[in-house]
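Going down the list, the sequences are from chains G and P.
The opening position of the first sequence corresponds to residue 5 in this note's numbering, with each subsequent residue numbered one higher.
The opening position of the second sequence corresponds to residue 2 in this note's numbering, with each subsequent residue numbered one higher.
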Amino acid sequence: MKNRVREERGLRELSQAELAAGLGVSRQTVIAIESGRYSPSLPLAFRIARFFAVPVDMMFDPEEEVAQ
Amino acid sequence: MNRSTRARLRAPLVVWIAGTIVAGAVAIGHTWADALIAEVVTVVLGGAYYLLSASHSDIGDIYAHREDERQHVVAMKARSVACVVMIAAAFVSAVYAVAANKNYWQADVIASLGGLSYFLTLLFSGARDGEPGPSSEGMMAARRPGERVSESEDSTSG
Chain G
5 MKNRVREERG LRELSQAELA AGLGVSRQTV IAIESGRYSP SLPLAFRIAR FFAVPVDMMF
65 DPEEEVAQ
Chain P
2 MNRSTRARLR APLVVWIAGT IVAGAVAIGH TWADALIAEV VTVVLGGAYY LLSASHSDIG
62 DIYAHREDER QHVVAMKARS VACVVMIAAA FVSAVYAVAA NKNYWQADVI ASLGGLSYFL
122 TLLFSGARDG EPGPSSEGMM AARRPGERVS ESEDSTSG
């Protein structure tokens with residue numbers, strides 16, 4: 005599932021570790037989400053969207069696969 | 002002792018307790034020297050688990066019981082693979098023991114327990130997951146034909 009986590013994090017000049025701490029997950033999980041290797045659960049997806057103050061359907065696009 | 006240290010000690014404690022039980026069995030059935038070796042191996046292995054749980058990697062987080070949802074899935078996959086490997090090993094052992102006309106009940110018990118626990122997990126987890134919530138059919142029945150979906154209801158539908 006394609007997502008805008010990397011872009012939104014870049015806009016806010018946050019490190020992966022800072023984002024992970026803000027979301028209460030590990031840095032490895034942030035890396036896995038950004039690279040599209042892991043699709044977060046609904047609660048985590050909403051937490052990410054709230055963290056960046058972006059609607060969840062703008063943050064995640066289920067139609068598009070991430071190019072590996 | 003804080004919460005994180007206690008959580009980190011859980012995996013080593015399991016290793017130490019299980020290893021000590023094995024060492025006790027070795028002491029009863031074999032020699033004290035063999036039991037001592039088993040206990041030393043257990044202590045070293047438990048210490049390795051404790052040190053590993055300090056690292057901020059998937060393995061470290063899982064051993065320290067501070068895993069997030071993805072690491073939880075990773076741990077479940079690892080447990081699943083471990084169980085499949087154990088049951089396959091028990092199956093091979095049982096087949097070998099039967100062919101060699103040896104005692105095969107141990108391997109048979111392990112494979113049977115594995116199969117039974119798999120079946121029971123499917124049965125009970127599946128039953129819980131399948132419990133009906135407020136079904137869309139019921140909601141449709143409660144609504145009069147032609148009635149519009151209210152704004153608040155509509156907003157939850159996506």
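Just so it is clear, CB atoms sit at the ideal spot from N, CA and C, and this is done for glycine as well.
| query | result |
| --- | --- |
| Please go through the same chain and pick out, in chain order, the residues whose beta-carbon is closer than 6 Å to the beta-carbon of G:Arg-8, but skip the five residues on each side of it. | Met-63 |
| Does P:Asp-109 come out as helix, strand or coil in the three-state DSSP assignment? | helix |
| Check whether the Cβ of P:Arg-71 lies closer than 8 Å to any Cβ atom in chain G. | yes |
| In chain order, what residues of the same chain lie with their CB nearer than 6 Å to the CB of G:Phe-56, ignoring the 5 residues before and after it? | Glu-12 |
| Which class does P:Ala-12 belong to by DSSP, given the choice of helix, strand or coil? | helix |
| Comparing C-alpha positions only, which one of G:Ile-35, G:Pro-44, G:Arg-54 and G:Glu-17 sits nearest to P:Glu-70? | G:Pro-44 |
| Quick one: does P:Asp-35 have its CB under 8 Å from some CB of chain G? | no |
| With DSSP collapsed to three states, give me the class of P:Lys-103. | coil |
| So, with DSSP's three-state summary, where would you put G:Asp-65? | strand |
| Taking 8 Å as the CB-CB cut-off, is G:Leu-48 touching chain P? | yes |
| Between P:Arg-9 and chain G, is there a C-beta pair that is closer than 8 Å? | no |
| Please classify P:Ala-55 as buried or exposed, where buried requires at least 16 neighbouring CB atoms within 10 angstroms. | exposed |
| Check for me: the alpha helix (DSSP H) holding P:Asp-59 runs from which residue to which? | 59–64 |
| Taking only runs that begin and end inside the region 17–64 of chain G, name each unbroken alpha helix (DSSP H) of 4 or more residues, in chain order. | 20–27, 31–38, 46–56 and 60–63 |
| If you draw a straight line from the C-alpha of P:Asn-3 to the C-alpha of P:Ile-60, how long is it? | 21 Å |
| Give the interface partners of G:Ser-45 over in chain P, defined as CB-CB distance under 8 Å, in chain order. | Glu-70 |
| At which residues does the alpha helix (DSSP H) containing G:Arg-10 begin and terminate? | 9–15 |
| Is the region 7–14 of chain P close to the region 43–50 of chain P, with three or more CB pairs under 8 Å? | yes |
| Using a cut-off of 9 Å between C-beta atoms, extract the partners of G:Gln-20 located in chain P. | Near G:Gln-20 there are no residues of chain P at all, since even the closest Cβ is about 12 Å away, more than 9 Å. |
| With a CB to CB cut of under 7 Å and the five nearest residues on each side skipped, what residues in its chain are close to G:Ala-53? | Pro-59, Val-60 and Met-63 |
| When we look at the beta-carbon of P:Tyr-97 and count the other beta-carbons within 10 Å, is it buried (16 or more) or exposed? | exposed |
| Determine, for G:Val-29, whether the minimum Cβ-Cβ distance to residues of chain P falls below 8 Å. | yes |
| Out of P:Ala-83, P:Tyr-105 and P:Val-23, which has the shortest C-alpha to C-alpha gap to P:Val-93? | P:Tyr-105 |
| For a cutoff of 8 Å on Cβ pairs, would you count P:Asp-59 as touching chain G? | yes |
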